[in-house]
Amino acid sequence: MYDHRNHSRTEWASQDRFLEKMMFCVRSLLFCSLMLSSVQTLAHSADKGLPDESAYVTMKNGDLYLGGKRVCFWGGIGGFPPRPPRNGKDPYAHNRLMLERIKAYGFNMMRIWGYGRA
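And the structure:
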């Protein structure tokens, strides 16, 4: 015996699966095209902002050179705990004092953490 209700459901289910697959393909194509255009835009904009080759540190025979002159870097990595301003004074005065001391010890490079502040 033929049941028209089950046949109808099967047809609708088949159409729904087809539409789901089509929507998945459309979404995938849109996502891929968006990603490709983003990569092309980034690559194009990155080429414009690069400095001249002389601005980079290079290496010859184990020595470092910058702009054709031999350089030596002595540095460290660290950070200074954030301190609240006292009596309306400069909140970065302590950091500047620490950097002056680091420079006095002969360091010419320092990477300092920002503690999430700009």
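So the working numbering is basically just the index in the sequence shown, starting at one, shifted up by 50. Ideal placement from N, C-alpha and C gives every residue a C-beta, glycine not left out. The model shown is predicted, which means the values in this text are computed figures rather than measured ones.
Next item on the list: Could you have a look at Arg151 and say whether DSSP puts it in helix, strand or coil?
Entry: Helix at Arg151.
Note to self: Between the alpha carbons of Leu84 and Gly117, how many angstroms are there, rounded?
What the structure shows: Distance from the CA atom of Leu84 to the CA atom of Gly117, rounded to whole angstroms, is 40 Å.
Next item on the list: Report the partner residues of Asp140 according to the DSSP bridge assignment.
Entry: Beta-bridge pairing by DSSP links Asp140 to no other residue.
Margin query: Just verifying my parser: in three-state terms, what is the DSSP assignment at Leu100?
Written below: Leu100 carries a coil assignment under DSSP once its states are collapsed to helix, strand and coil.
Check: Where do the ends of the beta strand (DSSP E) carrying Tyr115 lie?
Finding: From DSSP, the beta strand (DSSP E) with Tyr115 extends over Asp113 to Leu116.
Item checked: Beta-carbon spacing of Met148, Phe130 below 8 Å -> One thing to note: Met148 has its Cβ within 8 Å of the Cβ of Phe130.
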